C-alpha cells in the first residue's frame, strides 16, 4: 500500500538502508509516545516516526484524568508529569462553566466536584497538565527506556505480508530508508492515512465543527471576578466557542471556522483574531497579546476539526489503530487523549507477550474486542456532554444518558478471550463503587503496606501478571509460581496478609474473594480471572486459565 507518492529517492547508494524492529509506531503525539515508552518498558524493540520536527506548542489536551495518571505512574513518570503540571496550569478540581460571554454575570457550572469524588478511587490525582508538556516527558522516558524516536521522519510507503510490515520513511533531508517490523501501531491522527490505506471505514456523526484555535496572553482577573474553571463554553463570537486557561496569564480560544463558506486562514489576520477574543470576553478594553502556536513560525490562527467517529475495526492484519486514528471524540469531558493513552496501555502488554513468545497471536485480536466498545461508549458520553453544554446533538437520535465522570473514567469494562467469566450483561460501564475485582474491570485501589512502605494495590501491577491470593491461598500461590516457571512468563504472586498487609478482611472483600480465593490481574491492571474460593485442582485451574487468556491452547 502507498501512503505518499513523490519524486526524489533520497537513498544512500543504490538501495535504501533497512532497519529491523519489533514494532513501528507512526505518530509522535501523546498516544504514540505512550505506546513507544510502554513497549520499551516491556523490552520490545520499537521505532517511532513523526513527520513534524517538534511538538506543537498548542496544549490540545489540557489535563489527564486519574486513570491515565495511573499509567504514567507505571511508566515511572508520574512525578515528572506533576512537576510539568505545576508550571502555571489551572487547578484540575475546577468545573466547567457556560455563559454568553466571560463578562456575563449569569453562568452555569458543569459537574462540580467530579474529580473530588474520584479521590478515594485511585492513588493518583488528575493533573492539569497540557499535552505538549506531557509529550516532552514521555519522549524523554521512551528514549531512556531504549525506544528509537525519530522526529522529522515521514512515512511514505507501507506494505504488509503474513510475517510483518515493510515501511519506507523519509527524513528531513529527503533521505529514504526502510523499516521492517513485526507489527505497526498507527497513531497518525484523525485523518489517519494508514487507516484509509487499510480500507477501514469510520462510523459516527463525523465532523461536528471546524474551529480556529488562538493562544493569547491577557489579564482576565477583573472579568473572572474570582471564578475559576477548567473550560468555559461561550455563545460569543459563535455558539460553542471554548475558552480555557493555558498557563499563568495564558489562554486558548477555539471558535467556529467556516472553510465550507470560502473562509481561509488569510481571513484571520491579527486584528480579526483580537476582535474574536474581545467578543468572547465581552470586553474590548482588555489588552491581548497573540501567541504563535507552531515552533519556528508566526502562525497565530491554527485550524482544528472537532469530530465524532469510531473506526469499524482497530486491527488490520499487522496494523493496529490507536488514539485519534481509531476514534475521535469531541473535547467535551476531556476524554480524547486519555482514551488514546489507555489504548496504548491495553495494546503494549499484548504485543510484548506475543513478541516474547509467551502468548499466541490470538491475544492480539482482543485489542479490538476490548477497546472498540470503550471508544463507542466514550464517544456517546462526550456527545451527551456536548448536547448539555452547547446544545449540539450530533445525530437525530435522542441524546445518551449522561453517566457521571467517575463511571466513564474508571468503570468501563472489557469482554474478550483475555477475560474469563466476563460480564454477561451489555452495560458498557459500572459505577466505580462496584469495582470489586470483577473480571473485565480495573482492579480496585486500596491502601496497603508492603514491607515498611505504604502502597496502593495498583502499585502491584504493570510488570507482568499478578496472582493475588487471600490469606489462605497458599495452594494458588504454588500453582501460579510453578506455571510461570514452566511457561516462562512474567507472573508474580502476592498473598494478602503476608506480602501485603492492611485490614485483610477488607482487602479480600474488596476483591470479591474469600480467604481461600484468588484473582489473576493482567499487566494493564484489569482482572482477567477470579475464583472466590479454592478449587479442588488449583494447578489444573491455573494452567487452563493461562492457556485461555494467552491464547496458547492448541
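Numbering (the numbering used here), first residue to last: 85 to 638. Here a beta-carbon is modelled for each residue, glycine too, at the ideal position from N, C-alpha and C. Computed from a predicted structure; not experimentally measured.
Residue 263 - partner residues in DSSP beta bridges = Per DSSP, 103, 251.
Determine the extent of the beta strand (DSSP E) in which residue 401 is found, giving its start and end residues.
-> It is not in any beta strand (DSSP E) - residue 401 carries neither H nor E in the DSSP assignment.
Residue 238 and residue 254: beta carbons closer than 8 Å?
-> yes
By the 10 Å Cβ neighbour count, where 16 or more other Cβ atoms means buried, how is residue 618 classified, buried or exposed?
-> buried
Looking at the unbroken beta strand (DSSP E) that takes in residue 339, where does it start and where does it end?
-> Following the DSSP letters along the chain, one finds residue 339 inside the beta strand (DSSP E) bounded by residues 334 to 340.
Counting only the same chain and skipping the five closest in sequence on each side, list residues whose C-beta sits under 8 Å from that of residue 320.
-> 184, 185, 363, 364, 366
So the alpha helix (DSSP H) residue 118 belongs to, where does it begin and stop?
-> 114 to 125
By how many angstroms is the C-alpha of residue 390 removed from the C-alpha of residue 464?
-> Answer to the nearest angstrom: the Cα atoms are 15 Å apart.
If you follow the alpha helix (DSSP H) that residue 150 is part of, which residue opens it and which one closes it?
-> 150 to 158
Between the region 263 to 282 and the region 422 to 440, do at least 3 Cβ pairs fall closer than 8 Å?
-> Yes: the two stretches touch, three or more of their Cβ pairs being nearer than 8 Å.
Under 7 Å from any heavy atom of the ligand ADP, does the C-beta of residue 443 make it?
-> Annotation note on the ligand ADP: not contained in the displayed structure, which lists no ligands.
Of the listed residues 343, 419, 434, nearest to residue 459 (C-alpha basis) = Nearest of 343, 419, 434 to residue 459, Cα basis: 419.
How long is the line joining the alpha carbons of residue 587 and residue 207, rounded to whole angstroms?
-> 18 Å
Using three-state DSSP, classify residue 378 as helix, strand or coil.
-> For residue 378, the three-state secondary structure derived from DSSP is coil.
Three-state secondary structure assigned by DSSP to residue 446 = helix
Determine, using beta carbons only, whether residue 153 and residue 226 come nearer to each other than 8 Å.
-> no
Per-residue burial, residue 135 [other beta carbons within 10 Å of its own, 16 or more giving buried] = Around the beta-carbon of residue 135, 16 or more other beta-carbon atoms lie within 10 Å, marking it buried.
The beta strand (DSSP E) enclosing residue 579, as first and last residue numbers | Residues 575 to 579.
Neighbour-count burial assignment, residue 580, 16 or more Cβ in a 10 Å radius = buried
For residue 169, collect the residues of the same chain with a Cβ closer than 6 Å to its Cβ; drop the 5 residues on either side in sequence, then sort them by chain order.
-> 211, 212, 213
Output the boundary residues of the beta strand (DSSP E) element that contains residue 641.
-> A question about residue 641 goes unanswered here, because the residues of the chain that appear run from 85 up to 638.
From the DSSP output, in three-state form, read off residue 357 for me.
-> Looking at residue 357 - three-state DSSP - the assignment turns out to be helix.
Which residue comes first and which comes last in the beta strand (DSSP E) that contains residue 615?
-> Per DSSP, residue 615 belongs to the beta strand (DSSP E) from 611 to 615.
Report the three-state DSSP secondary structure of residue 346 (helix, strand or coil).
-> coil
Hey, out of 273, 265, 245, 236, whose CA is closest to residue 258's CA?
-> 236
Selection from 283, 531, 525 that minimises the alpha carbon distance to residue 410 = Comparing Cα positions, the closest option is 283.
Residues in its own chain within less than 8 Å of residue 399 by CB, not counting five upstream and five downstream?
-> 405, 448, 449, 451, 452
Does DSSP put residue 556 in a helix, in a strand, or in coil?
-> Per DSSP, reduced to three states, the secondary structure at residue 556 is coil, with no helix or strand assignment.
So what does residue 426 bridge to, in DSSP terms?
-> Partner(s): none; residue 426 has no beta bridge.
Could you tell me whether the Cβ atoms of residue 520 and residue 596 are closer together than 8 Å?
-> yes
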